[in-house]
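Undergrad:
In the numbering used here, the protein residues as written are 316 to 703.
This is the structure in structure tokens:
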């Protein structure tokens with residue numbers, strides 16, 4: 316199997332076990348995936364299933380220690396501090412302002428968790444802290460907030476590198492730059508109304524667990540609110556079965572894509588395919604319009620050279636909404652290949668997606684023969700397709 320690489324700055328799941336270990340030394344118990352624990356007899360079947368789900372972190376208790384204060388500026392350049400949100404439950408996450416991997420999953424799980432609380436969500440504050448030492452301008456956190464539909468839904472904080480490093484240290488966030496890529500601990504802290512640390516969660520690189528993570532977060536928040544609100548909806552927290560290339564899958568087609576404006580798009584064995592996974596928020600880090608439009612050339616060449624047909628898949632589970640995808644595609648113009656919506660993330664997980672964009676070549680038997688992290692030229696794409 317061939318695998319390419321790119322130079323897109325991205326955050327990956329880094330040093331999660333080190334963070335858990337550090338917290339354990341401080342006297343905290345861990346319920347992270349893989350941790351050994353004995354479930355009490357009163358544990359519900361749902362909680363037991365969550366504990367066995369390798370793609371879901373059910374959180375590590377922090378015992379109510381005071382949360383270190385954070386004094387930075389938000390995406391509007393306004394001075395903010397963690398202490399000003401006393402009286403609210405705070406979800407505090409650490410996210411790379413140019414992230415194309417795990418951070419969008421964290422962002423979306425926060426938003427969905429607040430939505431699950433209904434009116435009680437008004438008592439919850441969403442905060443992000445920039446974890447990209449190379450993109451710490453106010454414009455950087457504003458750009459991330461804009462493409463994720465978060466401008467007025469949270470405060471994404473940044474500051475000088477010295478200020479940020481101080482916050483990272485206080486919250487056990489490991490940040491590294493390796494080969495031009497940003498690696499950081501994808502931690503999300505839950506802080507109660509008195510400013511005390513209750514739990515820390517480590518986002519897993521699994522698209523299908525985004526809504527499950529939201530439910531876990533919302534359930535814990537509800538336990539901290541005086542009204543103990545019921546969640547608007549519940550789903551199983553058990554392991555979600557991924558939809559691999561060996562399985563036939565029908566996905567809803569995205570509107571506004573020219574030849575694929577309605578109906579469904581089918582993936583699976585029986586036909587060799589090039590599958591391109593993307594999300595509209597890639598407009599922050601690449602010229603997404605040009606990249607998607609240029610794939611028209613591959614689609615045309617594939618028909619004449621008998622290369623694998625092209626299908627694009629939007630990772631809708633990380634989008635502000637499916638409507639946002641449709642709106643974007645309408646303004647993009649006609650595409651000569653179908654675009655499908657992966658609304659659950661099961662297809663992305665089944666195809667091994669670890670970043671956006673993610674390119675996969677699959678043979679007629681439903682076996683992955685090539686995958687690439689990032690955009691490639693038409694020449695390189697045709698060469699890979701011909702060799703697969």
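For every residue, glycine included, the Cβ atom is placed at its ideal position computed from N, Cα and C.
All values reported here derive from a predicted model rather than from experimental measurement.
If residue 592 and residue 668 are in contact, beta carbons under 8 Å, what's the gap, nearest whole angstrom?
TA: Their Cβ separation, rounded to whole angstroms, is 5 Å, which keeps residue 592 and residue 668 in contact under 8 Å.
Undergrad: Beta-carbon separation of residue 471 and residue 498 under 8 Å?
TA: Cβ distance not < 8 Å, so residue 471 and residue 498 don't count as in contact.
Undergrad: Which stretch, first to last residue, makes up the alpha helix (DSSP H) that contains residue 613?
TA: Residues 603-620.
Undergrad: Bridge partners for residue 514 per DSSP, in chain order?
TA: For residue 514, which the question treats as bridged, DSSP gives the partners 376 and 505.
Undergrad: Please report the distance separating the alpha-carbon of residue 437 from that of residue 639.
TA: Approximately 24 Å between the Cα atoms of the pair.
Undergrad: Between the segment 439-457 and the segment 617-628, do at least 3 Cβ pairs fall closer than 8 Å?
TA: No, the segment 439-457 is not in contact with the segment 617-628.
Undergrad: Across the segment 554-563 and the segment 670-690, are there enough close Cβ pairs to call them in contact, namely three or more that are closer than 8 Å?
TA: Short answer: they touch.
Undergrad: Please report the distance separating the alpha-carbon of residue 410 from that of residue 620.
TA: For residue 410 and residue 620, the distance between alpha carbons rounds to 43 Å.
Undergrad: Using only CA atoms, which one of 653, 367, 637 and 380 lies nearest to residue 507?
TA: The option with the nearest alpha carbon to residue 507 is 380.
Undergrad: Please tell me whether residue 514 and residue 374 are closer than 8 Å, where the distance is taken between their beta carbons.
TA: Contact: yes.
Undergrad: Would you identify the three-state DSSP class for residue 499, choosing helix, strand or coil?
TA: Here residue 499 sits in strand by DSSP.
Undergrad: Which value, in whole angstroms, describes the spacing of the CA atoms of residue 427 and residue 526?
TA: Going by the C-alpha atoms only, they are around 7 Å apart.
Undergrad: Run through DSSP, which three-state label would residue 465 get?
TA: Residue 465: coil per DSSP, three-state reduction.
Undergrad: Could you give the first and the last residue of the continuous alpha helix (DSSP H) run that contains residue 658?
TA: Unbroken run through residue 658: none, as it is neither H nor E.
Undergrad: Taking the alpha carbon of residue 402 as the reference point, which residue from 434, 439, 488 and 531 has its own alpha carbon closest?
TA: It is 439 whose Cα lies nearest to the Cα of residue 402.
Undergrad: Beta strand (DSSP E) containing residue 671: first to last residue?
TA: Neither: residue 671 is in no beta strand (DSSP E) and is coded neither H nor E.
Undergrad: Take residue 706 as the anchor and find which of 463, 467, 540 and 376 has the nearest alpha-carbon.
TA: An answer regarding residue 706 cannot be provided, because it is not within the stretch 316 to 703 covered by the chain.
Undergrad: Between which two residues does the beta strand (DSSP E) carrying residue 565 extend?
TA: Its beta strand (DSSP E) spans residues 564-567.
Undergrad: How is residue 519 classed by DSSP in three states: helix, strand or coil?
TA: DSSP places residue 519 in coil when its eight states are reduced to three.
Undergrad: Starting from the Cα of residue 386, find the closest Cα among 399, 530 and 568 and give me that residue.
TA: With distances taken between Cα atoms, residue 386 lies closest to 399.
Undergrad: In terms of residues, what are the limits of the alpha helix (DSSP H) holding residue 477?
TA: Its alpha helix (DSSP H) spans residues 476-485.
Undergrad: Give me the Cα-Cα distance between residue 358 and residue 511, rounded to the nearest whole angstrom.
TA: With a pLDDT of 48 at residue 358, under the threshold of 50, the predicted position of this residue should be treated as unreliable, though the coordinate-derived value follows. Spanning the two alpha carbons is a distance of roughly 25 Å.
Undergrad: Where residue 466 and residue 635 are concerned, what is the direct C-alpha to C-alpha distance, given to the nearest angstrom?
TA: Looking at the two C-alpha atoms, the distance is approximately 11 Å.
Undergrad: In whole angstroms, what is the alpha-carbon distance linking residue 330 and residue 485?
TA: Per-residue confidence for residue 330 stands at a pLDDT of 46, beneath the threshold of 50, marking its modelled position as unreliable; the derived number appears in the next sentence. Each residue's alpha carbon lies about 15 Å from the other.
Undergrad: Thinking just about the alpha-carbon of each residue, which of 692, 658, 490 and 548 is nearest to the one in residue 606?
TA: Answer by Cα proximity: 692.
Undergrad: When we look at the beta-carbon of residue 476 and count the other beta-carbons within 10 Å, is it buried (16 or more) or exposed?
TA: Its Cβ having fewer than 16 others within 10 Å, residue 476 is exposed.
Undergrad: Below 8 Å between beta carbons: does that hold for residue 677 and residue 590?
TA: In contact: residue 677 and residue 590 (Cβ atoms closer than 8 Å).
Undergrad: Helix, strand or coil, according to DSSP, for residue 597 in the structure here?
TA: Helix.
Undergrad: I'd like to check one pair, residue 415 with residue 597: are the Cβ atoms closer than 8 Å?
TA: Yes, the Cβ-Cβ distance between residue 597 and residue 415 is below 8 Å.
Undergrad: Note down, in chain order, each residue of its chain lying with its Cβ closer than 6 Å to the Cβ of residue 392, except the 5 sequence neighbours on either side.
TA: Excluding sequence neighbours, residue 392 sits near 453.
Undergrad: Who are the near neighbours of residue 587 in its chain, counting only those whose CB is closer than 6 Å to its CB and skipping five residues on each side?
TA: Taken in chain order, the residues that qualify are 623, 678 and 679.
Undergrad: Taking the beta strand (DSSP E) that residue 441 belongs to, which residues open and close that run?
TA: Its beta strand (DSSP E) spans residues 439-445.
Undergrad: What residues match up with residue 471 in a beta bridge as DSSP calls it?
TA: Partner(s): 443.
Undergrad: Whole angstroms is fine: what's the gap from residue 418's alpha carbon to residue 628's?
TA: Going from the Cα of residue 418 to the Cα of residue 628 covers about 19 Å.
Undergrad: On the DSSP letters alone, give me the boundaries of the alpha helix (DSSP H) that residue 538 sits inside.
TA: First-last of the alpha helix (DSSP H) with residue 538: 525-539.
Undergrad: Spatial neighbours of residue 390 within its chain, please: CB distance less than 6 Å, with the 5 preceding and 5 following residues excluded, ordered by chain position.
TA: Contacts found: 456, 457, 460 and 471.
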